[in-house]
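Here is the structure we will look at.
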Amino acid sequence: MNNIGDQGIGLWDEEDQFFYDVLRFPDGRMLPMRVRSMVGLTPLFAVEIIEPELLERLPDFKRRLEWFMKYRPELAALVAHWMEPGRGNRRLLSLLRPDRMRHVLRRMLDEAEFLSPFGVRSLSRAHRDQPYLVSLDGHPVSVNYQPAEAESGLFGGNSNWRGPVWFPVNYLLVDALYRFADFYGEGLKVECPTGSGRALGLDQVADELTRRLTGIFRRDAQGGRPLHGTSDKQNSDPHFRDHLLFYEYFRLAPDRMDRAGGEAAAVAPVKGHQANNRKSPHLRGLVGFLISCWT
Numbered sequence: 029m030n031n032i033g034d035q036g037i038g039l040w041d042e043e044d045q046f047f048y049d050v051l052r053f054p055d056g057r058m059l060p061m062r063v064r065s066m067v068g069l070t071p072l073f074a075v076e077i078i079e080p081e082l083l084e085r086l087p088d089f090k091r092r093l094e095w096f097m098k099y100r101p102e103l104a105a106l107v108a109h110w111m112e113p114g115r116g117n118r119r120l121l122s123l124l125r126p127d128r129m130r131h132v133l134r135r136m137l138d139e140a141e142f143l144s145p146f147g148v149r150s151l152s153r154a155h156r157d158q159p160y161l162v163s164l165d166g167h168p169v170s171v172n173y174q175p176a177e178a179e180s181g182l183f184g185g186n187s188n189w190r191g192p193v194w195f196p197v198n199y200l201l202v203d204a205l206y207r208f209a210d211f212y213g214e215g216l217k218v219e220c221p222t223g224s225g226r227a228l229g230l231d232q233v234a235d236e237l238t239r240r241l242t243g244i245f246r247r248d249a250q251g252g253r254p255l256h257g258t259s260d261k262q263n264s265d266p267h268f269r270d271h272l273l274f275y276e277y278f279r280l281a282p283d284r285m286d287r288a289g290g291e292a293a294a295v296a297p298v299k300g301h302q303a304n305n306r307k308s309p310h311l312r313g314l315v316g317f318l319i320s321c322w323t
């Protein structure tokens with residue numbers, strides 16, 4: 029991400045403090061595609077924690093890690109903190125150092141950008157009023173925030189990554205935050221939501237995202253579920269109201285929530301974090317909530 033192909037091409041934008049795709053032209057020119065999308069959040073996914081007991085049980089692995097530090101320092105420098113012990117003497121393998129992670133999370137946790145009442149958007153809402161515009165070979169091209177299927181016929185007319193909340197990638201974000209918290213503990217806090225003045229540990233941020241995601245399925249003050257949008261039958265009919273369907277992504281709008289897709293992605297964070305002994309009361313609460321609806 030810092031020097032792709034040894035050609036000096038990096039995805040990190042120092043001005044915006046965010047990761048962008050870079051378009052490279054045949055003549056060697058490079059153009060950062062300043063679209064704030066899930067692409068810029070995906071470096072958070074690449075994180076793993078190494079327990080001290082594991083290193084002791086795998087001396088060859090430990091020796092190879094030390095070899096990279098000594099003989100390939102330019103590669104070792106790309107991985108954050110893997111030789112520095114954190115909480116519980118754990119080691120961290122990550123593409124993001126704390127300073128860049130803070131900048132990325134500042135965007136992600138901004139309710140005017142990625143953070144919605146029901147999870148993390150696939151595209152920053154800032155592009156609703158400020159579409160990304162670029163001219164390619166004299167043809168103007170734009171990307172703007174669209175909270176459901178794209179309005180254009182490009183890519184088969186079913187491009188739905190420009191705003192909706194996608195559960196699969198939200199699961200990866202939640203899981204990554206818990207892993208970072210295992211290393212940093214209370215030593216790293218961020219403002220959540222951005223601008224609120226409330227500093228939370230990364231595990232608390234993961235809990236907050238989980239609370240928002242599970243809120244899609246919980247009844248509101250009127251007895252309806254955001255999952256069902258404005259459908260009276262699904263919200264009120266006893267034959268339908270407690271039958272929850274798990275869609276890939278959710279359209280967010282002030283007065284409704286649409287849904288589409290077919291993966292049971294909402295169950296994945298629950299089962300996954302239970303298996304890893306994560307301590308999210310919202311994840312545990314959703315398990316009981318779903319069981320109560322299905323029995």
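The numbering of the sequence shown is my numbering, which starts it at 29 and goes up by one. Even glycine gets a Cβ: it sits at the ideal position worked out from N, Cα and C.
Where G38 sits in the DSSP three-state scheme: Taking the first residue of the sequence shown as position 1, residue 38 is located at position 10. The answer is coil: DSSP assigns G38 none of H, G, I, E or B.
Opening and closing residue of the alpha helix (DSSP H) in which H167 lies: Here residue 167 is taken as the residue at index 139 of the sequence shown, counted from 1. Segment H167 to V171 is the beta strand (DSSP E) holding H167; no alpha helix (DSSP H) there.
Three or more C-beta pairs below 8 Å linking the stretch 216-224 and the stretch 158-176: no
8 Å contact criterion, which R64 and S163 should meet: CB distance rounded: Taking the first residue of the sequence shown as 1, we reach residue 64 at position 36. Taking the first residue of the sequence shown as 1, we reach residue 163 at position 135. 20 Å between Cβ atoms; not a contact.
Top-ranked residue by Cα proximity to V132, from P80, D165, F73 and M61: For the purposes of this step, residue 132 is identified with residue 104 of the sequence shown, where counting begins at 1. Of the listed residues, the one whose Cα sits closest to V132 is F73.
Buried/exposed call for G147, threshold 16 Cβ in 10 Å: By one-based count along the sequence shown, residue 147 stands at place 119. Buried.
Beta-carbon proximity check, L123 vs P71, cutoff 7 Å: Position 95 of the sequence shown, counting from 1, holds the residue named residue 123. Position 43 of the sequence shown, counting from 1, holds the residue named residue 71. With contacts defined as CB atoms closer than 7 Å, L123 and P71 qualify as a contacting pair.
Exposure label - V169; buried when at least 16 CB within 10 Å: Here residue 169 refers to the residue found at position 141 of the sequence shown. By the 10 Å Cβ count, V169 comes out exposed.
C-beta atoms of P113 and S150 nearer than 7 Å: To locate residue 113, count along the sequence shown from 1; it is residue 85. To locate residue 150, count along the sequence shown from 1; it is residue 122. No; because the gap between Cβ atoms is not below 7 Å, this pair is not in contact.
Rounded straight-line distance, which links the Cα of A108 to that of R125: By one-based count along the sequence shown, residue 125 stands at place 97. By one-based count along the sequence shown, residue 108 stands at place 80. In a straight line, the C-alpha of R125 is about 5 Å away from that of A108.
Proximity below 7 Å, CB of L255 to CB of N198: On the sequence shown, position 227 is the one that residue 255 refers to. On the sequence shown, position 170 is the one that residue 198 refers to. Their beta carbons are not under 7 Å apart, which means L255 does not touch N198 by this criterion.
C-beta contact flag for D49 and V75 at 7 Å: To locate residue 49, count along the sequence shown from 1; it is residue 21. To locate residue 75, count along the sequence shown from 1; it is residue 47. Not closer than 7 Å, so no.
Classification of A209 by the beta-carbon crowding that lies within 10 angstroms, buried from 16 upward: Indexing the sequence shown from 1 puts residue 209 at position 181. With 16 or more other Cβ atoms within 10 Å, it is buried.
Reduced DSSP category for D210 - H, G, I as helix; E, B as strand; rest coil: Within the sequence shown, residue 210 is the residue found at index 182, counting from 1. Correct three-state label for D210: helix.
Contact belief for R118 with I77 at Cβ below 8 Å, rounded distance in angstroms: Here the question's residue 118 lines up with position 90 in the sequence shown. Here the question's residue 77 lines up with position 49 in the sequence shown. About 5 Å separates the two Cβ atoms, so the contact holds.
Outcome for A204 when other beta-carbon atoms lying within 10 angstroms are tallied against a minimum of 16: What you label residue 204 is simply residue 176 of the sequence shown in a count that begins at 1. A204 is buried by the Cβ-count criterion.
Coil, strand or helix - M111 by DSSP: As a working note, residue 111 is residue 83 in the sequence shown. It is coil, neither helix nor strand.
Rounded C-alpha distance that separates Y275 from F245: Start at 1 with the first residue of the sequence shown, and residue 275 comes out as number 247. Start at 1 with the first residue of the sequence shown, and residue 245 comes out as number 217. Their backbone Cα atoms lie some 11 Å apart in a straight line.
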